[in-house]
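Below is one structure, written out as structure tokens; comments come after it.
Right under this line is the structure:
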């Protein structure tokens with residue numbers, strides 16, 4: 009035993025627990041693309057449509073960024089099933105106390121607000137019930153729930169039920185949790201989102217301050233079933249192409265953009 | 002036509018008294034002995050007067066209409082309580098609801114023997130066979146009421162008038178009058194049994210016309226000339242020569258299914274199973290008439306005489322038994338431990354209160370249509386469980402005031418009139434967004450903009466930093482102002498707002514506005530945070 013390397017030992021252990029993990033069924037699952045760079049790290053080559061995904065904020069102040077990333081994910085899923093509606097369960101207590109979803113803002117993420125069914129349950133138990141029922145139906149492009157991870161009803165069993173319901177109905181379950189989401193979960197992926205300053209420093213003529221750029225986030229794939237977690241990117245929302253982009257900062261590009269705008 | 006109708010009149014001779022004992026001996030309180038003299042009193046001419054009394058009080062010589070002072074002198078241990086006609090009437094209505102276990106058509110009898118209603122009218126046409134005939138139905142009804150501590154008399158007849166008269170003035174407490182025998186049965190009853198106003202029956206008495214039989218065959222013209230048409234009309238109604246319109250308590254619903262149980266159901270699972278059976282029966286009725294249910298009512302008749310009413314709605318007409326049963330299952334489940342079956346549920350009825358036309362063959366449509374129906378069904382279930390206001394859809398609205406540009410409408414049922422709606426694709430996203438990447442409207446908007454403390458301010462520009470919810474944000478990037486003027490045609494409108502999209506050092510993006518202008522308004526402008534960007 010002493011001769012085996014650490015890596016070999018790990019591989020051995022992985023092989024032993026592999027049968028206990030839920031089968032991935034890669035060949036039959038539908039996936040949506042999050043851009044080439046991110047897709048590479050995901051074992052299914054994209055974000056699975058029949059699974060539970062969690063989006064968590066890094067800190068309390070990053071919940072806005074997490075919401076943005078969530079809107080981007082939902083937008084990707086709606087593109088995959090262009091006619092189906094989206095069910096969105098709004099949380100109203102901390103950390104979701106920023107008012108209701110705003111139609112025009114969602115439209116900016118390529119989401120048709122008229123396709124949304126917004127549910128505002130008063131208790132977490134009702135929220136989980138609503139999500140599960142909607143998932144089992146399998147008629148929604150995405151089922152989104154905002155739940156504080158510190159809530160009592162939110163535990164491993166709850167996530168497992170959601171994951172099973174998502175598999176059964178074949179529609180994606182997306183959970184937006186607060187920054188306190190650190191526990192175990194049956195979710196296939198968990199994304200940790202932090203806000204990031206926008207890149208392109210556009211400046212209008214005669215103005216002293218720069219304009220805000222595209223929505224931009226620090227995205228970490230904290231855990232991912234069947235793959236190593238921990239990969240991290242600086243991602244942007246490209247609202248003309250309705251895609252998540254992982255840009256490479258290039259000074260030349262920035263200058264060109266500046267010129268175009270002033271001219 | 003009239004001959005085929007069967008009406009039951011229930012007379013509750015001691016209703017206010019019986020109701021009072023039911024309340025007193027109900028939950029919690031110390032039981033009151035019925036054998037002690039007790040009376041109800043209400044203000045009347047000359048002071049408080051007795052309106053009702055129990056048997057013990059009657060034996061002491063207390064009579065109705067007596068002054069309370071006189072009554073107390075007669076019987077010093079008399080317990081006098083305040084009469085409550087409104088509560089009596091309300092309780093009578095509940096009792097009439099409970100009688101819905103026999104027939105959907107029940108109503109408190111508005112015309113009492115005295116001034117207050119003291120009976121119930123039921124139309125049992127075609128229902129009696131379910132209970133083993135009219136006689137058995139009446140026996141069952143009176144026995145059950147006696148079990149509740151309510152003394153009752155019940156008579157069935159072909160006309161409400163005859164049933165009413167015999168229930169109050171007849172000899173037998175339970176009586177079935179065959180059709181066509183009204184004339185003979187009413188002959189010896191006093192004229193007041195015709196539901197005449199007191200002064201008319203008094204006038205008839207003075208003329209020596211004391212019994213209904215005295216009116217038979219008499220020329221009508223002189224009587225009508227003297228007393229008006231009421232006597233002739235009431236007589237005809239009682240004898241079945243004229244039909245009497247009646248306003249039922251429950252709306253007459255053609256789509257109703259009912260079930261009776263030999264033993265009271267107490268387990269919620271049993272009630273759910275029974276609901277499913279009712280739903281199947283109801284959907285058969287709906288299918289036959291090509292209708293779909295929009296509003297449904299489930300009535301649970303408890304053994305102890307209470308009725309639990311559960312309402313449910315659908316967003317689109319439905320006649321799928323599984324869906325309808327599920328709606329009520331959610332409701333029952335939600336009641337959970339609070340659900341009180343009392344001593345059991347002995348009867349249930351499920352009715353479609355509102356129906357819409359529904360085409361017969363919707364099963365053959367495409368899958369897509371099918372899933373839309375499934376979604377409607379799910380929305381119904383969520384709405385029925387969480388409350389209809391908690392399931393909403395967004396609709397654009399033609400307004401450039403941000404908080405008014407979108408309305409949330411309940412997803413169940415129809416959307417509000419589309420008069421001021423614009424096309425669903427127009428979400429009023431301003432032109433500013435054409436700049437690459439900039440998202441012009443926040444993802445979430447606060448219901449009420451929150452005031453912020455602006456620490457370093459540049460006149461007519463975005464703030465350098467601001468404090469919101471106790472956190473200080475340094476503004477690094479900003480875009481604006483986007484000036485949004487109030488809608489001048491609305492009176493309650495505020496001031497002009499200058500909106501800015503700002504980004505702080507950490508990359509968080511907020512939507513701020515300055516309320517009011519520097520130059521024009523005397524008051525200093527205030528700053529608010531209205532939304533956050535993704």
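Chains as they are written, first to last, in this note's numbering: chain A, 9 to 271; chain B, 2 to 535.
Each residue gets a CB set at the ideal place from its N, CA and C atoms; glycine is no exception.
In this text the structure is predicted, and so the values were computed from the model without any measurement.
| Check | Outcome |
| --- | --- |
| C-beta neighbour in chain A for residue 413 (chain B), strict 7 Å | no |
| Cβ-based contacts, 8 Å cut-off: residues of the stretch 93-108 of chain A near chain B | 93, 106, 107, 108 |
| Any chain B beta carbon closer than 7 Å to residue 218 (chain A) | yes |
| Proximal residues to residue 284 (chain B) (C-beta, below 6 Å), its chain only, five neighbours per side dropped | 320, 322 |
| Interface flag, residue 79 (chain A) vs chain B, CB-CB below 7 Å | yes |
| contact_flag[the stretch 60-74 of chain B, the stretch 89-103 of chain B] where n(CB pairs < 8 Å) is 3 or more | no |
| Coil, strand or helix - residue 243 (chain B) by DSSP | coil |
| Nearest-angstrom beta carbon gap, residue 500 (chain B) and residue 488 (chain B) [assumed within contact, 8 Å] | Contact flag wrong, Cβ pair sits at about 16 Å. |
| Residues near residue 390 (chain B) in its chain [Cβ-Cβ closer than 8 Å; skip 5 each side] | 411 |
| Chain A contacts from the stretch 375-399 of chain B (Cβ-Cβ distance under 8 Å) | 375, 376, 379, 380, 382, 383, 386, 387, 391, 392, 393, 394, 395, 396, 397 |
| Beta carbon proximity, residue 152 (chain A) to chain B, threshold 7 Å | no |
| Integer-rounded CB distance, given that residue 93 (chain A) should sit under 8 Å from residue 407 (chain B) | About 17 Å; that fails the 8 Å criterion. |
| Sub-7 Å separation of residue 1 (chain B) and residue 332 (chain B) beta-carbons | Only positions 2 to 535 of chain B appear in the structure, and residue 1 (chain B) is not among them; the question remains open. |
| At least three beta-carbon pairs within less than 8 Å, the stretch 171-182 of chain B to the stretch 213-229 of chain B | no |
| Neighbour flag for residue 327 (chain B) against chain A, beta carbons, 7 Å | no |
| Where residue 217 (chain B) falls: helix, strand or coil (DSSP) | coil |
| Where the stretch 114-129 of chain A meets chain B: residues whose CB sits under 8 Å from a CB there | 114, 115, 116, 117, 120, 121, 122, 124, 125, 126, 127, 128, 129 |
| Reference residue 329 (chain B); option with closest CA among B:343, B:134, B:351 | B:351 |
| Residues from the stretch 137-162 of chain A in contact with chain B, defined by Cβ distance under 7 Å | 138, 141, 142, 145, 147 |
| Chain B contact residues for residue 230 (chain A), given Cβ-Cβ distances below 8 Å | Within 8 Å Cβ-Cβ: nothing; residue 230 (chain A) doesn't reach chain B, min ~19 Å. |
| Any chain B beta carbon closer than 7 Å to residue 59 (chain A) | no |
| Beta-carbon neighbours of residue 478 (chain B), restricted to chain A and to distances below 7 Å | 206, 217, 218, 219, 220 |
| Residue closest to residue 386 (chain B), alpha-carbon to alpha-carbon, out of A:234, A:141, A:118 | A:141 |
| Beta-bridge partners of residue 126 (chain A), as assigned by DSSP | A:96, B:393 |
| Within-7 Å CB hit, residue 238 (chain A) to chain B | no |
| Residue 467 (chain B) - DSSP class collapsed to helix/strand/coil | strand |
| Same chain, Cβ closer than 7 Å to residue 223 (chain A), five either side skipped, listed in chain order | 76, 244, 245 |
| Own chain residues within Cβ distance below 8 Å of residue 304 (chain B), not counting five before or after | 265, 343, 344, 345, 346, 347 |
| Nearest-angstrom Cα separation, counted from residue 161 (chain A) out to residue 12 (chain B) | 55 Å |
| Contact under 7 Å by Cβ, residue 74 (chain A) with residue 80 (chain A) | no |
| Three-state class that DSSP yields for residue 177 (chain A) in the structure shown | helix |
| Residue of B:502, B:183, B:525 minimising C-alpha distance to residue 534 (chain B) | B:502 |
| Among B:108, B:201, B:197, B:170, the one whose alpha carbon lies nearest that of residue 187 (chain B) | B:170 |
| Beta-carbon contacts of residue 1 (chain B) that lie in its chain and below 7 Å, excluding the five residues immediately before and after | The first residue shown for chain B is 2 and the last is 535, placing residue 1 (chain B) beyond what the model contains. |
| Partners in chain B for residue 234 (chain A), counting only beta-carbon separations shorter than 7 Å | The premise fails here: residue 234 (chain A) is roughly 28 Å from chain B at the closest Cβ pair, so nothing lies under 7 Å. |
| CB contact below 7 Å: residue 368 (chain B) versus chain A | Because residue 368 (chain B) carries a pLDDT of 48, less than 50, the predicted location of this residue cannot be relied on, and the following value inherits that uncertainty. Cβ-Cβ to chain A under 7 Å: no for residue 368 (chain B). |
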